[in-house]
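Participant: Here you go, one structure.
In the numbering used here, the protein residues as written are 10 to 309.
Structure below.
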């Protein structure tokens, strides 16, 4: 086998509950992940060394050196296998870069799946998940797909029952937002407010809405503790969120650390209507529609 191509989805956070800042600089999280039908493709080809090239959506913002998370995934997998494997990775981006939809984590997950296949390792998902957890908090879910609740730093996952398909609109902003800066701003806001931060927990009404496939109920429960920080760092996102609500979205929130804004619609047709209204309002660089949940990485 000379090359393997893997398609991998983006995610949206339906709930992101952020606990108090820990002594190690991290936060305990409850993160309800939901994989949606926006996809990157990663092709792994046999090579003597390790290299990566990136094309597509905002490719110029993605590193093509050892800082690339997909290359780090390939290196970690080769180390786990105990062999000096090499690979050339070609990433075709469609997931927004630094947009709060885990595009980098998705590419790392795809690289793990593609290299496992290319190198004939035959490692089970549990082994890949263990490697993924060391790469980043979002990488394990990017391997899993579907819908799941993550705890700890988000890497401990429990799949969730979902009773139907949900339809989404995503408003992409110019430029990205640094996840580290958004978390730091969240901590700063909380310290300034002087309020005790509770331990995070999954919202049962949100989980019930997922089980029932009830889009209206789910829209009312969407929540993101990082949203105030993202809005402080990028005030223009408030107008984007308001435009979506004004034009009939069932729910609206900043996805993850932002700056992508996510809007829940009642149906595929309703999603197209909301998307058209957002385009007309001029509050986003680009507007996309998608549905979820979708499976995790797949060889194509």
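Where a beta carbon is used, it is the ideal one built from N, C-alpha and C, also for glycine. From a predicted model like this one, the values you see are computed outputs, not experimental measurements.
1. May I ask you to report which of helix, strand or coil DSSP gives residue 274?
2. Grab me the residues of residue 180's own chain with a C-beta within less than 6 Å of its C-beta, minus the 5 sequence neighbours each way, in chain order.
3. What's the call for residue 194, buried or exposed, on a 16-neighbour Cβ count within 10 Å?
4. Under the DSSP definition of a beta bridge, which residues are partnered with residue 177?
5. Are the CB atoms of residue 29 and residue 206 within a distance shorter than 7 Å?
6. Short check: CB of residue 84 to CB of residue 73, under 7 Å?
7. Alpha helix (DSSP H) containing residue 80: first to last residue?
8. Quick one: what's residue 62 bridged to in DSSP?
9. Answer yes or no: the CB of residue 27 versus the heavy atoms of the ligand GTP, is any distance below 6 Å?
10. Taking the continuous alpha helix (DSSP H) assigned at residue 211, which residues delimit it?
11. Which whole-angstrom value is the C-beta distance of residue 27 and residue 209, which I expect to be below 8 Å?
12. Report, in whole angstroms, the separation of the C-beta atoms of residue 54 and residue 178, which I expect to be a contact under 8 Å.
13. Hey, how far is the Cα of residue 82 from the Cα of residue 165?
14. Cα separation between residue 137 and residue 10?
15. Spatial neighbours of residue 215 within its chain, please: CB distance less than 6 Å, with the 5 preceding and 5 following residues excluded, ordered by chain position.
16. Measuring alpha carbon to alpha carbon, tell me which residue in 31, 256, 264 is nearest residue 281.
17. To the nearest whole angstrom, what separates the beta carbons of residue 49 and residue 17, a pair I think is in contact under 8 Å?
Facilitator: Let me lay it out:
1. One-based indexing of the chain shown puts residue 274 at position 265. In the three-state scheme derived from DSSP, where H, G and I count as helix and E and B as strand, residue 274 is classed as strand.
2. The residue labelled residue 180 in the question sits at position 171 within the chain shown. Excluding positions up to five away in sequence, the list reads 249, 270, 287, 293, 296.
3. Position 185 of the chain shown, counted from the start, is the residue given in the question as residue 194. Residue 194 comes out buried.
4. One-based indexing of the chain shown puts residue 177 at position 168. Residue 177 pairs with 273, 299.
5. Translated into positions along the chain shown, residue 206 becomes position 197. Translated into positions along the chain shown, residue 29 becomes position 20. Yes, the Cβ-Cβ distance between residue 206 and residue 29 is below 7 Å.
6. For this step, residue 84 is matched to residue 75 along the chain shown. For this step, residue 73 is matched to residue 64 along the chain shown. Contact: no.
7. To locate residue 80, count along the chain shown from 1; it is residue 71. From DSSP, the alpha helix (DSSP H) with residue 80 extends over 78-90.
8. In the chain shown, the residue the question calls residue 62 occupies position 53. 99.
9. Although the ligand GTP was asked about, the structure shown includes no ligands whatsoever.
10. Position 202 of the chain shown, counting from 1, holds the residue named residue 211. Element bounds for residue 211: n/a, residue is neither H nor E.
11. Residue 27 sits at position 18 when you count from the first residue of the chain shown. Residue 209 sits at position 200 when you count from the first residue of the chain shown. Right, their Cβ atoms sit about 6 Å apart.
12. The residue given as residue 54 occupies position 45 in the chain shown. The residue given as residue 178 occupies position 169 in the chain shown. With a beta-carbon spacing of about 35 Å, residue 54 and residue 178 fall beyond the 8 Å limit used to define contacts.
13. Counting from 1 along the chain shown, the entry for residue 82 is found at position 73. Counting from 1 along the chain shown, the entry for residue 165 is found at position 156. Taking the straight line from one Cα to the other gives about 18 Å.
14. In the chain shown, counting from the first residue as 1, residue 137 sits at position 128. In the chain shown, counting from the first residue as 1, residue 10 sits at position 1. Going by the C-alpha atoms only, they are around 20 Å apart.
15. For the purposes of this step, residue 215 is taken as residue 206 along the chain shown, with counting starting at 1. The answer, listed in chain order, is 24, 230.
16. Here residue 281 corresponds to residue number 272 of the chain shown, with the count starting at 1. For the residues 31, 256, 264, the minimum Cα distance to residue 281 belongs to 256.
17. In the chain shown, the residue the question calls residue 49 occupies position 40. In the chain shown, the residue the question calls residue 17 occupies position 8. Correct: roughly 6 Å between the Cβ atoms.
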